[in-house]
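Below: one structure, written as structure tokens.
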Amino acid sequence: MTTAPTTLDNLFATPITPRAPGAAPLGDAEGAILLARRFPRDQREAFERIIAACRRAGLARTGLYSYSRGGSDISGPSIRLAEAIAQNWGNIQFGIQELEQQGGESTVKAYAWDVETNTRQEKVFRVPHRRVGRQGVRRAEDGRDIYEAVANQGARRLRACILGVVPGDVVEAAVEQCEETLAAAADASPAALARLAEAFAACGVIREQVEARLGCPLEAATPAQAVQLGKIRTSLHDGMSKPGDWFEPVGELAAPVAPPKKGAAGLKERLRSGLARKQTAAAKEV
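full-length UniProt numbering numbers the first residue of the sequence shown as 1 and each following residue consecutively.
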């Protein structure tokens with residue numbers, strides 16, 4: 001007797017073999033594993049879905065972050081890209097779960113579970129109930145503040161868990177595709193740069209700090225500089241770095257240099273400057 005393969009169309013029409021009397025009911029975990037093995041992922045198709053997702057400029061802009069190590073900037077997959085990879089790779093359960101609240105802090109678990117291969121990564125950590133604002137650090141008592149603190153602290157751990165269960169070559173290919181998408185869709189228009197400045201302001205970075213890093217007015221930024229600034233902004237938003245890792249403190253910013261004067265006024269100014277330098281040199285020789 002030939003049995004037709006089980007598909008999504010006939011899944012619920014397939015007769016279920018009765019369990020032996022006294023047998024324990026199927027748990028959620030066991031049921032998820034059996035379902036994943038009945039419908040295994042097509043790795044080629046899943047890989048193509050991931051690459052197709054990384055060709056979207058919207059995902060590529062938030063899919064990469066930068067961090068500084070040894071004097072060089074290194075790019076990596078952001079939490080947004082990690083989530084997109086997990087969703088398209090398939091048969092992966094992931095999330096952040098608050099286990100308990102006690103003593104002014106939450107115990108939280110971030111996890112990622114490849115149900116098909118039964119590979120699991122999880123991290124348990126504590127999140128203090130505090131909020132950093134303009135008036136300094138204060139205790140977070142509002143439920144929304146606690147929720148945001150847990151979500152922000154959990155995002156980095158969740159990213160690490162997802163990347164721990166997805167093959168590394170798949171992640172590397174996704175990062176490379178995001179780089180190509182960003183290079184092709186780099187937007188250095190005034191409107192795009194203005195939106196970037198607003199995004200940095202939300203992270204506590206003012207326009208003058210951004211321009212000090214660029215070495216030029218924001219409006220003069222090149223497409224490559226705009227791409228790099230976007231990665232830095234994602235890094236700040238995801239909590240992978242702090243403003244001080246990238247930008248000079250506001251009090252240490254150099255005063256803007258006035259453009260040189262033209263015509264006779266400019267000539268007089270240059271002559272006075274040259275005379276002052278000669279007098280200084282003569283005083284040093286004496």
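A virtual CB, placed ideally from N, CA and C, is assigned to each residue, including glycine.
Residue i versus residue j: straight-line alpha-carbon distance, rounded
i, j, result
"arginine 41", "leucine 81", "19 angstroms"
"alanine 24", "glutamate 100", "Annotation note: pLDDT 44 at alanine 24 (below 50); position unreliable, coordinate value reported separately. In a straight line, the C-alpha of alanine 24 is about 29 angstroms away from that of glutamate 100."
"alanine 186", "glutamate 176", "15 angstroms"
"valine 171", "glycine 239", "20 angstroms"
"phenylalanine 200", "serine 78", "17 angstroms"
"alanine 194", "alanine 84", "27 angstroms"
"alanine 155", "alanine 112", "12 angstroms"
"alanine 110", "leucine 64", "21 angstroms"
"glutamate 48", "alanine 36", "20 angstroms"
"arginine 56", "alanine 173", "15 angstroms"
"aspartate 245", "glutamate 98", "30 angstroms"
"serine 241", "asparagine 118", "32 angstroms"
"threonine 181", "glutamate 208", "29 angstroms"
"arginine 44", "glycine 204", "42 angstroms"
"isoleucine 16", "serine 66", "Only weak support is given to the placement of isoleucine 16: the predicted model assigns it a pLDDT of 43, under 50, and the question is left unresolved by the model."
"valine 165", "alanine 32", "16 angstroms"
"alanine 60", "alanine 221", "20 angstroms"
"lysine 231", "alanine 191", "18 angstroms"
"proline 167", "tryptophan 89", "10 angstroms"
"glycine 27", "leucine 34", "11 angstroms"
"glutamine 153", "tyrosine 147", "10 angstroms"
"isoleucine 92", "glutamine 121", "11 angstroms"
"proline 243", "serine 189", "24 angstroms"
"residue 308", "isoleucine 50", "Nothing about residue 308 can be reported from this structure: the residues present for the chain run from 1 to 286 only."
"residue 292", "glutamate 198", "Absent from the structure is residue 292, since the part of the chain shown begins at 1 and ends at 286."
"arginine 69", "arginine 38", "44 angstroms"
"valine 108", "threonine 234", "23 angstroms"
"glutamate 219", "aspartate 169", "38 angstroms"
"proline 223", "alanine 86", "30 angstroms"
Buried/exposed call for residue i, threshold 16 Cβ in 10 Å
i, result
"valine 115", "buried"
"serine 75", "buried"
"arginine 139", "exposed"
"cysteine 216", "exposed"
"residue 287", "Any property of residue 287 remains undetermined from this structure, which presents the chain solely from 1 to 286."
"valine 124", "exposed"
"valine 257", "Because the pLDDT of valine 257 is 43, which lies under 50, any placement of that residue in the model is unreliable, and the question is left without a value."
"glycine 22", "Legend: pLDDT at glycine 22 = 47, less than 50; position of this residue unreliable, value from coordinates given subsequently. Label assigned to glycine 22: exposed."
"alanine 183", "exposed"
"arginine 159", "buried"
"valine 250", "exposed"
"serine 106", "buried"
"arginine 126", "exposed"
"glutamine 225", "buried"
"glutamate 141", "exposed"
"glutamate 211", "buried"
"alanine 202", "exposed"
"alanine 29", "exposed"
"alanine 52", "exposed"
Contact belief for residue i with residue j at Cβ below 8 angstroms, rounded distance in angstroms
i, j, result
"phenylalanine 247", "isoleucine 162", "That pair is no contact at about 29 angstroms."
"alanine 151", "isoleucine 96", "7 angstroms"
"glycine 104", "proline 128", "7 angstroms"
"leucine 229", "leucine 196", "6 angstroms"
"arginine 131", "aspartate 145", "5 angstroms"
Beta bridge counterpart(s) of residue i as assigned by DSSP
i, result
"serine 68", "Asp73"
"aspartate 238", "Its beta-bridge partners do not exist; DSSP assigns none."
"phenylalanine 94", "Ala112"
"glutamine 101", "Ser106"
"glycine 120", "Rather than glycine, the amino acid found at residue 120 in this sequence is arginine. Arginine 120 pairs with Trp113."
"arginine 138", "Arg131"
"phenylalanine 125", "Val108"
Residue-level contact to chain B via CB, residue i, 7 angstroms cutoff
i, result
"glycine 244", "Looking at the structure shown, chain B is missing, and only one protein chain is on hand."
*Output the residue ranges of the beta strand (DSSP E) runs that lie fully inside the stretch 35–59 and measure 3 residues or longer, sorted by chain position.*
none
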